Each structure stands twice: as C-alpha cells, then as structure tokens.
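**Q** Structure in structure tokens, see below.
Protein chains: 2
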Amino acid sequence: RYFHFCKLPGRVMGIRLLRFTSVVIIVLLLVAGALTALLPNIKDDKLPNLRREPKPQSQSALDSFTLIMQTYNRTDLLLKLLNHYQAIPNLHKVIVVWNNIGEKTPEEMWNSLGPHPVPVVFKVQSVNRMRNRLQNFPELETKAVLMMDDDTLVSAHDLAFAFSVWQQFPEHIVGFVPRKHISTPSGVYSYGSFELQNPGFGNGDQYSMVLIGAAFFHSGYLEDFQRQPEAVYALIDETQNCDDIAMNFLVAKRTGKPSGVFVKPVDIRNLEKDTNSGYSGMWHRAEHLLQRSYCVNKLVSIYDGMPLKYSNIMISQFGFPNYANHKNKM
Amino acid sequence: RYFHFCKLPGRVMGIRLLRFTSVVIIVLLLVAGALTALLPNIKDDKLPNLRREPKPQSQSALDSFTLIMQTYNRTDLLLKLLNHYQAIPNLHKVIVVWNNIGEKTPEEMWNSLGPHPVPVVFKVQSVNRMRNRLQNFPELETKAVLMMDDDTLVSAHDLAFAFSVWQQFPEHIVGFVPRKHISTPSGVYSYGSFELQNPGFGNGDQYSMVLIGAAFFHSGYLEDFQRQPEAVYALIDETQNCDDIAMNFLVAKRTGKPSGVFVKPVDIRNLEKDTNSGYSGMWHRAEHLLQRSYCVNKLVSIYDGMPLKYSNIMISQFGFPNYANHKNKM
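Chains as they are written, first to last, in full-length UniProt numbering: chain R, 1 to 330; chain A, 1 to 330.
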C-alpha cells in the first residue's frame, strides 16, 4: 500500500499536532510582533535621549557651547563651580585650563566621581600665563565659547538667557560685566566702570568693553587671537592682565561696532572669599586698575588708533524672574 | 613823433598810479581772503546748524524721524501732546492725521502760536478710519517713523533712547508696548499680555508683537502696507481695531524674525482721563480684546500661516536714569 498521510493514524495525529503547533507559533509571533510595536512608544516617553542621540554628547555642536575655565591656586572653587556648570543647558564640553604648573590635575578624582553630564578636559599648561585660556584648543568643537573666571558663579537661568542672546548677536562678546574707557583732553585714556564720568554721548552711561571672564563669544575669535601682533602677547605677559581688554580691541576692530552686548545678570556671585587656598584674585593687586588703563593706552598705540566703541544697550529677560517685570503705570 | 608811453609825463604818472592802485587792490584782496579763511572757524563754534543745514529743517532726513499722530475727538490732548513732542530731539516733522470729519483743524491757532521747532502738517481725512494713519504720506521724508496714540505721553529721554535703538534695529518695530499671542491645542489663537500664560519656551514670558501706538518703525513699512490684501483692510475697517496687529504680521512675514524689539519705558503715561471731551479710547469697548483675538485668527487665515515670532529681549538704557542701574552684588 502507498503511503498516504491521511490514512496513518500516528502520522495523522502528528500532522494535526504539527498544524496546531504551527498555528500556535504563528499566533504567538503575531502577539510578540504587536507587543514589539507597542513597546518603543513607552520607551520613548521614558528615555528619549538614550534612544536618539549618540551616547557621549547629547548636544549638537551648533546649538551648544564650550565652557573654558582657567584655574590657578583655587582648586576647591574650581570643583565647586564645575559641579554647577557641568549641568548648564546647552553645554557641550568643559575645557579646564590648568595653570597650576607641576601640580597634578584632579582628573582622577573627577573620573572616580562620574558619570558626568558632559566631557571635561584638563589642559595642563607649562607656564602660568594669563593668556593660556585664549589658545585655539583642538578640543573646541562648538561655534560658541563661554569663558568664566574660576571664582565666578552665574546662575543657570542667566547663562541660558545670555546664550540665547549670543545666538542673536554672534559677532559680539555677550556677557555680564561691562566696563569702559574714557578720553581725556590730553589724549590719554583711562579705564574704569560706572564710578568714572559718563563719556558724554547723550543721557546716562556707556560701556565699551564686556569682560571675557563671564561672557559668551564666537570661537573664531580664539583663532583670530593667534594672529595678534607680538606686542599684544608681550603686554599681557608683562602685566599678567588685560587679555580681556585685548580681546575687546580685537572684536571692535574686526566688526567696526561695539565689541560687547551687556546682559544684566540676575544672580552673579564672586566666590573668592570662599576659597581655602588663601589666594585672592589678581584684581586685588594695588596696581590692577592702573595696569588696565596702561593697557588701554598701549593697545591704542599697537592698533594705531582706538577701535573701541560705546554702547548703552542693557538687555534683560522679559518676564523673568518676575512675570510682570515690564509692567508700567499706563 | 611816435607815441611812447614812457615819455608822456601825464600818462607816466597815470601808470604809476595805476600800478600803485593795483598793488593796493591786490593787497586788500589778500587781506580779505585771509579774513574769509579765518571767519568760518569762529562762526562754526557759535552757530554750526545755521551755517550748514537749510533753515526750515535743522535735521537731516537720515538721522531724524517723523511723528505720525492720529487724532479723534481729543483735540485738547492732541495740543498738550504736540507741545511736548514738538521738542523731542531728532524730530524732523509732525504729521497729524485728522479723523474729526467735517471739523476744522487747529491749524490757524497752531500758526498763531508759532514759531514752532518743526513743521506740523494737518492731514484732513474724509472718513474716520483707524487705518488712516497707515497711509504712505507724501510729506514723509525720513526713514524713521514714530507713531504715537493721541493719549500717550512718553518722555523725551525714552524717545531719544528708543530712536537710537531703532537705528540699530531698523527692520524691527522698536517700541514700548509688548503683547503676545498664544496657541491652544485646538489651533485657535488668543491675544493678550503678561496675564496670559507664558508661551512656554524656556523660562519667563515672551512677546510676539510691539504695538505701533508708541513705537518707531521704518517708513518703508507704510509703503508695504499699501500692498496688503483687501481682506486686511476689510478686517481693520470692520473692527476699527487691529491695524497694529496687522503691521506686526506684515513685519514678521517680511523679516522672518520677531517683528518687534521691546524697550522698557521709564516714563510712559496715558492721559486719557485728562481729556475734557469725555471720549475714552477704543480699548474701553467691551469687545476690544476679544476683537484682537479674532483679528489674530483672521490674519492667520489671510496669511495662510502664523508669521509672528517670539522674543524675550527687553532693552533698557545703561546707566540711566540711575548711573549705577546695572550694578550687581559682585
């Protein structure tokens, strides 16, 4: 007799079982498929970043900035500030310019206390120079730089707002500390703040510089700084001061406009008194302000003219912190 | 004998006299020339404007602005305000848009109380329309327009500063009254001020319009306004409202940026309560705000999209009125 599967009880049972099993398997696969289709949506709600952006950097280099912080003899403040600044919105990376020559960086300790929101790079320097922070660091990937002194705390709200302002004024130094120069009939310039006379262009005061120790500026200016006359480097090295004044000259000369845009900070603090190192900043030296006036005049001679321009624009954030901070009597 | 002039005593005397006279004349001319060269310098110090600019207008059309003020049923306020505004720095001319149909303008009285610092033109209208003030007046010579409501007093200091800000942002409406629209899940927009929820882009509030009843803008936008779709005119005429919202739509669409830049006024007052006419402004009508929300939605349909963009930039004057108004705790 020929082998017909229908007639074979054992095999018939086997086939039915096979069919049944196949159906069960297909049904299970469909159910599994359905579940898989549902599952990513739940995952999306919970962990969007992990799914979408590459793991180490969650910020596109176009919409974020690099914090460059130079440090000397205030590692306790540095670490306190790093805890704060590492979590600022739109931060891409931190570059710490390590001016503590011969001393180990806190990199090991930093790593042992990870993970951290963004990469932090410790750039060990060979000489303790003020202008070390103005190098064109290869680690710098973003268009924007946020430069902070290692004793200055600016709130995240202020930084987020100032960054958005910088994005609207990318060729300017957008920051929190305005200063000015004034002319005198002798032609000699003097440097100062609001305690100096107003420059006399209409009502009120004017500023002609925004200090880079708490400011956003375009990373291209670091490139430009590498091409400054030797005399500029010599001046900064001689005074261990004035790198910020030099940057304002550079920007003003380049743009033909006021170098800075002043954003009025809501919460900016100097943590100097909180350091255990006993080291107080350069600006406490007796000659500090006189040096800065000296630098202004030297730079005018190097630039063969005064490129700094005045501005009286003061920017604040509409409706923050007080949602009616623009209300008027009308 | 031949006629030789050397031999004729009378003629010789005549020639010597002629030579002498010529020398005297030449010397006098040289002295006069020297004096003329000296004279302008002295004149310069004392009366620069009269020497350089044509007499009736002492403001160049490039560095000055035209005030356009529409008026209806509040001539007492108009005249009070004109006395104030006629003396604002950098004002070129005033154009009064006379919406009091059939009523004589106060031109005679105005002239009898002259001279005035600038020319004032009374433009008699044939129909009382809100959008009359948005005509492209032939008398308009300046790039900048200052538009003011006929019940609003802004200090000269505020106006001088805001004009300088407009010169830095000439494609924007630079003014003192910010407003916003908000979206709702239904897609229907609503109009309001800070009492409405924040639009939700980061911290704080945002504005998407600056009202033209107290603002500087480029006179080119009046030209552009003449080319708006009929539906826009119909909307403004139907509501006797919303010409300012329409202008913000126009500017935002044109620039692709936020239409306005808000300058926080130090001293802005509504003089409405001071009028003897008993007439109170349109904004007291019960339906005023609802109309404005209605206008926003109508304009979105006319524009086939929402061109308005948000901004949170609030500009104040550095060091004025308080010379240390930017001081911080650092």
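Idealized CB from N, CA, C, for every residue including glycine.
Treat the numbers as computed from the prediction; the structure is a model and nothing was measured.
Should S219 (chain R) and K143 (chain R) be called a contact, given that it needs their Cβ atoms to be closer than 8 Å?
**A** For S219 (chain R) and K143 (chain R), yes; Cβs fall inside 8 Å.
**Q** Between residue 417 (chain R) and chain A, is there a C-beta pair that is closer than 8 Å?
**A** Chain R is shown only over 1 to 330; residue 417 (chain R) falls outside these bounds and no answer can be derived.
**Q** By how many angstroms is the C-alpha of G213 (chain R) removed from the C-alpha of V296 (chain A)?
**A** C-alpha separation (whole angstroms): 44 Å.
**Q** If you draw a straight line from the C-alpha of L18 (chain A) to the C-alpha of V24 (chain A), how long is it?
**A** Roughly 10 Å separates the two Cα atoms.
**Q** Along chain R, in chain order, which residues have C-beta atoms closer than 8 Å to that of G256 (chain A)?
**A** The contacting residues do not exist; G256 (chain A) stays about 13 Å from chain R at best.
**Q** Is it true that the CB of P89 (chain A) sits closer than 8 Å to the CB of A160 (chain A)?
**A** Against a cut-off of 8 Å, the Cβ pair of P89 (chain A) and A160 (chain A) comes out as a contact.
**Q** Which term fits N322 (chain A), buried or exposed, when burial requires 16 or more other beta carbons within 10 angstroms of its beta carbon?
**A** Classification of N322 (chain A): exposed, given that the 10 Å Cβ count is below 16.
**Q** Looking at I95 (chain A) and residue 343 (chain A), is the spacing between their C-beta atoms short of 8 Å?
**A** No answer is possible for residue 343 (chain A): it lies beyond the span of chain A, which begins at 1 and ends at 330.
**Q** Is there a Cβ from chain A that is less than 8 Å from the Cβ of Q167 (chain R)?
**A** No, because no Cβ of chain A sits closer than 8 Å to the Cβ of Q167 (chain R).
**Q** Ends of the beta strand (DSSP E) at H92 (chain R)?
**A** Looking at the DSSP string, the run of the beta strand (DSSP E) that includes H92 (chain R) is L91 to W98.
**Q** What residue ranges within the segment 222-268 of chain A form continuous alpha helix (DSSP H) runs of no fewer than 4 residues, ordered along the chain?
**A** With a minimum length of 4 residues, the continuous alpha helix (DSSP H) runs that stay inside the segment 222-268 of chain A are 230-239 and 243-255.
**Q** Mind checking which residues open and close the alpha helix (DSSP H) that includes H181 (chain A)?
**A** Element bounds for H181 (chain A): not the alpha helix (DSSP H) but the beta strand (DSSP E), P178 to I182.
**Q** Starting from S316 (chain A), find everything on chain R with Cβ-Cβ shorter than 7 Å and list it in chain order.
**A** Within 7 Å Cβ-Cβ: M314 and S316.
**Q** Could you name each continuous beta strand (DSSP E) segment of 3 residues or more that falls completely within the segment 272-328 of chain A, going from the start of the chain to the end?
**A** For the segment 272-328 of chain A, whole beta strand (DSSP E) runs of length 3 or above, ordered along the chain, are 313-317.
**Q** Below 8 Å between beta carbons is the criterion; list the residues of the segment 259-292 of chain A that meet it against any residue of chain R, in chain order.
**A** Residues passing the 8 Å Cβ filter: F262, K264, P265, I268, R269 and N270.
**Q** Ignoring anything shorter than 4 residues or poking outside the segment 110-179 of chain R, list the alpha helix (DSSP H) runs there in chain order.
**A** Segments of the alpha helix (DSSP H) lying fully in the segment 110-179 of chain R: 156-168.
**Q** Quick check on P56 (chain R): does DSSP put it in helix, strand or coil?
**A** Note on P56 (chain R): pLDDT 46, under 50, position unreliable in the model; the coordinate value appears next. Residue state, collapsed to three classes: coil.
**Q** Does chain A have any CB closer than 8 Å to the CB of Y207 (chain R)?
**A** Yes, because at least one Cβ of chain A sits closer than 8 Å to the Cβ of Y207 (chain R).
**Q** Which bits of chain R does A160 (chain A) rub up against, with CB to CB less than 9 Å?
**A** Result: G202 and N203.
**Q** Assign F5 (chain R) to buried or exposed, taking buried as 16 or more other Cβ atoms, counted over all protein chains shown, within 10 Å of its Cβ.
**A** Note on F5 (chain R): pLDDT 48, under 50, position unreliable in the model; no value is reported.
**Q** How far does the beta strand (DSSP E) with Y72 (chain A) in it extend, from its first residue to its last?
**A** First-last for Y72 (chain A): undefined, no H or E at that position.
**Q** Is it right to say H84 (chain A) is buried, meaning 16 or more other beta carbons lie within 10 angstroms of its own, or is it exposed?
**A** By the 10 Å Cβ count, H84 (chain A) comes out exposed.
**Q** Between which two residues does the beta strand (DSSP E) carrying A215 (chain R) extend?
**A** Its beta strand (DSSP E) spans residues A214 to H218.
**Q** Give the secondary structure of I26 (chain A) by DSSP, where H, G and I count as helix, E and B as strand, and everything else as coil.
**A** It is helical.
**Q** DSSP three-state call for M330 (chain A): helix, strand or coil?
**A** Note: M330 (chain A) maps to coil in three-state DSSP.
**Q** Counting C-beta neighbours from all protein chains within 10 Å, is the total for K104 (chain R) 16 or more, i.e. buried, or is it exposed?
**A** With fewer than 16 other Cβ atoms within 10 Å, it is exposed.
**Q** Please report the residue range of the beta strand (DSSP E) in which S193 (chain A) lies.
**A** From DSSP, S193 (chain A) is part of no beta strand (DSSP E); its letter is neither H nor E.
**Q** Is E141 (chain A) closer than 8 Å to F92 (chain A) when the C-beta atoms are compared?
**A** The identity of residue 92 (chain A) in the sequence shown is His, whereas the question assumes Phe. In contact: H92 (chain A) and E141 (chain A) (Cβ atoms closer than 8 Å).
**Q** Given F225 (chain R), which residues of its chain have a CB within under 6 Å of its CB, disregarding the five upstream and five downstream residues?
**A** Excluding positions up to five away in sequence, the list reads L134.
**Q** Do you know whose CA, among A:F201, A:L78 and A:R292, lies nearest Q317 (chain R)'s CA?
**A** Nearest option by C-alpha distance: A:F201.
**Q** Below 8 Å on the Cβ atoms is my guess for I173 (chain R) versus N248 (chain R); work out the distance and round it to an integer in Å.
**A** Right, their Cβ atoms sit about 7 Å apart.
**Q** Please list, in chain order, the chain A residues whose beta carbon lies closer than 8 Å to that of A324 (chain R).
**A** Neighbours of A324 (chain R) on chain A, chain order: F194.
**Q** Less than 6 Å between C-beta atoms, sequence neighbours within five positions excluded: which residues of the same chain meet that for L50 (chain A)?
**A** Residue placement at L50 (chain A) is flagged as unreliable, the pLDDT there being 39, under the threshold of 50; a coordinate-derived value is accordingly withheld.
**Q** Compare the Cα-Cα distances from L222 (chain A) to each of A:H284, A:E287, A:M209 and A:A246 and report the closest residue.
**A** Here the closest residue by C-alpha is A:A246.
**Q** Checking contacts by CB at 8 Å: is Y191 (chain A) closer than that to chain R?
**A** It does not; no Cβ of chain R falls within 8 Å.
**Q** Answer yes or no: does any C-beta atom of chain R fall closer than 8 Å to that of M330 (chain A)?
**A** With 8 Å as the cut-off, M330 (chain A) counts as an interface residue toward chain R.
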